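If you read the sequences in order, they're chains A and B.
Heads up, the first sequence stops at 132 in our numbering, and the numbers go up one at a time, no gaps.
Heads up, the second sequence stops at 466 in our numbering, and the numbers go up one at a time, no gaps.
Idealized CB from N, CA, C, for every residue including glycine.
On a predicted model such as this, the values are computed, not experimentally measured, just so you know.
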Amino acid sequence: MLLSGALVAIVVMTLTARWLGLGIEPHIADPEHARRLAHEAHFGFQPVDIAISQDGIAALLLGQDDRLMIIRRHGNHFVARLIGPPVSCRLDRQKLILSSGENMFGEVVLDLGDQGRSWADKIRRMEEKCGA
Amino acid sequence: MPDLPDPIAYAVPVFIGMVLTDMVLARLQDRARYNVKDTWTSLALGLGSLVAGALTSGAVVALGLWGQQHTPFVIPYSWWAWLLAFLLYDLAFYFAHRASHRIRWMWASHVIHHSSQHYNLSTALRQSWTGLISLGFVFFLPLFLMGFPPAMLVFVGGLNTVYQFWIHAESVRRMPSWFEYIMNTPSHHRVHHATNPRYLDKNYAGVFIIWDRLFGTFANELDDEVPRYGIVRNLGSFNLLWAAFHEWIAMAKDAWDAPGLKNKIAYLVAPPGWSHDGSRDTSEAIFARWATRIHADEPLRDDPAMGQRMPAPVRAVAVETTAPGRAGRQRPAT
């Protein structure tokens, strides 16, 4: 009885949140925004190169220390991961698809337009450097 | 044993009403305060916690009754006993909560409550499923051994839980200064849920913030540093089971893979973020990196109140402690 009552209550509260239109869909506005998100996720990470997906929901940052950080939208916020080496990445036309290495975090898809190829090459060179 | 009411059962309708009101306020003030999926996850985790609590609370109460039968002390149902029980229960909560952030075994259970990147009244209901396994109840056993009636402790524990609901409101900015000085408030608890290096591992209080002031873990919420909520490594998933068990799984993997028995045990009991090869960050490491970067020109000094080396000006900003013998009384810089 208590359990079913609680279940009804949480469904009502969730539907109310939906009915009220709560929540936003944030976008990464510019490189400075991406830099700030990276800084907040990992204090001390200093990006030297930043690519923002054209849809504004993800970014890829190359750190001063040759580390890569991916940032993607999660609900009203963003989440970030330092990845690799090795970095699992593939290019599907202009979309760069990066794996975080975590099943529950999933892949991050970045629509980088013309920059997609150059970033894929950049990551490949970094991998070769690490492997060398 | 008197038949005392369950304060939480009476409070639940009020909780629901407050959540709904908070949602309407969010609609008017800031829609980003809630996210539908996050709200569902928090509430469903709360429901899971209710089930887990129903299954395990009997064991804890039985242990308490056993403790009471084996103590020579008897505390009567008198007004002073009620007050003392409420105060001491809150002190026990402070230490249990502090341990829940400093011992990975306990953090694995408590992390659920911090796993949302939001801070609202639905976050308050995002509670642990594995409280019994993480052994937090051990901190409350001395109260039973002191001779407090178990029913009294269960009742004041319920009041303690009810109080802690409203402090998860982001819509409440500051209470009157006298109240902020003595009681735990939304402002103090926002600091506790924040991942900003300055705020990490601060404000463990349940009802009375005086424990943090006394034991050197207090930090003020600063107007120019807005708290960012969640955990150092946010999940990036709304999956219920992942939220409930991710840290248990990660801890088991770490212990399994670690070289040597000492390292395996350390992965279970050391602070979250500890690693045998130093490849990860504890909250102290994050704080130290932050303090060093912010005050790069100033040498780090031993700070007994913080239990770590840090530049003095940072401490003056970050910490206000009234603990006697802890390098004086510090006030936040204005």
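{"Asked": "Can you grab the Cα-Cα spacing for the pair Val193 of chain B / Leu179 of chain B, in whole Å?", "Found": "21 Å"}
{"Asked": "Does the separation of the CB atoms of Leu332 of chain B and Ser210 of chain B fall below 7 Å?", "Found": "no"}
{"Asked": "Per DSSP, what are the beta-bridge partners of Asp111 of chain A in this structure?", "Found": "A:Lys95"}
{"Asked": "Who are the near neighbours of Ala132 of chain A in its chain, counting only those whose CB is closer than 7 Å to its CB and skipping five residues on each side?", "Found": "At Ala132 of chain A, the pLDDT of 47 sits below 50, so the modelled position is not reliable and the matter cannot be decided from this model."}
{"Asked": "Excluding five sequence neighbours on each side, which residues of the same chain lie with their C-beta closer than 6 Å to the C-beta of Ala176 of chain B?", "Found": "Leu372"}
{"Asked": "Could you pull the start and end residues of the alpha helix (DSSP H) that Phe350 of chain B belongs to?", "Found": "Per DSSP, Phe350 of chain B belongs to no alpha helix (DSSP H) and is neither H nor E."}
{"Asked": "Going by Cα to Cα distance, which pick from A:Phe45, A:Asp55 and A:Arg73 is closest to Gln64 of chain A?", "Found": "A:Phe45"}
{"Asked": "So, does the region 231–240 of chain B touch the region 290–306 of chain B, judging by three or more C-beta pairs under 8 Å?", "Found": "no"}
{"Asked": "Mind pulling the chain B residues with CB within less than 7 Å of Val79 of chain A?", "Found": "Asn366 and Gly368"}
{"Asked": "In this structure, does DSSP put Leu7 of chain A in helix, strand or coil?", "Found": "helix"}
{"Asked": "Taking the alpha-carbon of Pro329 of chain B as reference, which of A:Glu40, A:Leu2 and A:Leu20 has the nearest alpha-carbon?", "Found": "A:Glu40"}
{"Asked": "What does the Cβ neighbour count give for Val358 of chain B, buried or exposed, with the cut at 16 atoms within 10 Å?", "Found": "exposed"}
{"Asked": "Listing by chain order, which chain B residues have their CB less than 8 Å from the CB of Met13 of chain A?", "Found": "Ile148, Val151, Leu152, Met155, Thr171, Leu175 and Ser254"}
{"Asked": "What number of angstroms, rounded off, separates the C-alpha of Thr203 of chain B from the C-alpha of Leu277 of chain B?", "Found": "5 Å"}
{"Asked": "Check Tyr295 of chain B in the structure and name its three-state DSSP category.", "Found": "helix"}
{"Asked": "Which residues in chain B sit within 8 Å of Ile10 of chain A, going by Cβ to Cβ distance?", "Found": "Trp172, Leu175, Ala176, Gly178 and Leu179"}
{"Asked": "Rounded to a whole number of angstroms, what is the C-alpha to C-alpha distance between Trp422 of chain B and Thr14 of chain A?", "Found": "38 Å"}
{"Asked": "To the nearest angstrom, report how far apart His325 of chain B and Phe43 of chain A are at their CA atoms.", "Found": "17 Å"}
{"Asked": "So what does Arg73 of chain A bridge to, in DSSP terms?", "Found": "A:Phe78"}
{"Asked": "Residues in the same chain with beta-carbon distance under 7 Å from Asp66 of chain A, minus the five sequence neighbours each way, listed in chain order, please.", "Found": "Met126"}
{"Asked": "Return the Cβ separation of Ala224 of chain B and Phe272 of chain B in integer angstroms, given the expectation that the two are a contact with Cβ distance under 8 Å.", "Found": "5 Å"}
{"Asked": "Taking all protein chains shown into account, decide if Thr153 of chain B is buried (16 or more other Cβ within 10 angstroms of its Cβ) or exposed.", "Found": "exposed"}
{"Asked": "Sort out for me which residues DSSP pairs Leu60 of chain A with in a bridge.", "Found": "A:Ala51 and A:Ile70"}
{"Asked": "Is Gln161 of chain B buried or exposed, if buried means 16 or more other CB atoms sit within 10 Å of its CB?", "Found": "exposed"}
{"Asked": "Rounded to whole angstroms, what is the Cα-Cα separation between Gly134 of chain B and Pro281 of chain B?", "Found": "Going by the sequence as given, residue 134 of chain B is Pro instead of Gly. Going from the Cα of Pro134 of chain B to the Cα of Pro281 of chain B covers about 10 Å."}
{"Asked": "Step through the CB atoms of chain B and report whether any lies within less than 7 Å of the CB of Met104 of chain A.", "Found": "yes"}
{"Asked": "So, is the C-beta of Gly44 of chain A closer than 7 Å to a C-beta in chain B?", "Found": "yes"}
{"Asked": "Whole angstroms is fine: what's the gap from Gln523 of chain B's alpha carbon to Arg93 of chain A's?", "Found": "This structure cannot speak to residue 523 of chain B, because chain B is shown only from 133 to 466."}
{"Asked": "Counting only beta-carbon atoms, is Leu354 of chain B nearer than 7 Å to chain A?", "Found": "no"}
{"Asked": "Any heavy atom of the ligand ADP closer than 6 Å to the CB of Ala58 of chain A?", "Found": "Questions concerning the ligand ADP fall outside what the structure shown contains, since it holds no ligand whatsoever."}
{"Asked": "Report the neighbours of Ile24 of chain A on chain B: residues whose CB is nearer than 7 Å to its CB, in chain order.", "Found": "Arg163 and Ala164"}
{"Asked": "Of the residues B:Val286, B:Ala384, B:Val146 and B:Val339, which one's Cα is nearest the Cα of Phe311 of chain B?", "Found": "B:Val339"}
{"Asked": "Of all Cβ atoms in chain A, is any one closer than 7 Å to the Cβ of Leu264 of chain B?", "Found": "no"}
{"Asked": "In terms of residue numbering, what span does the alpha helix (DSSP H) encompassing Glu32 of chain A cover?", "Found": "Pro31 to Ala41"}
{"Asked": "Would a C-beta distance cut-off of 7 Å place Trp343 of chain B and Tyr226 of chain B closer than the cut-off?", "Found": "yes"}
{"Asked": "So the alpha helix (DSSP H) Phe377 of chain B belongs to, where does it begin and stop?", "Found": "Leu372 to Asp389"}
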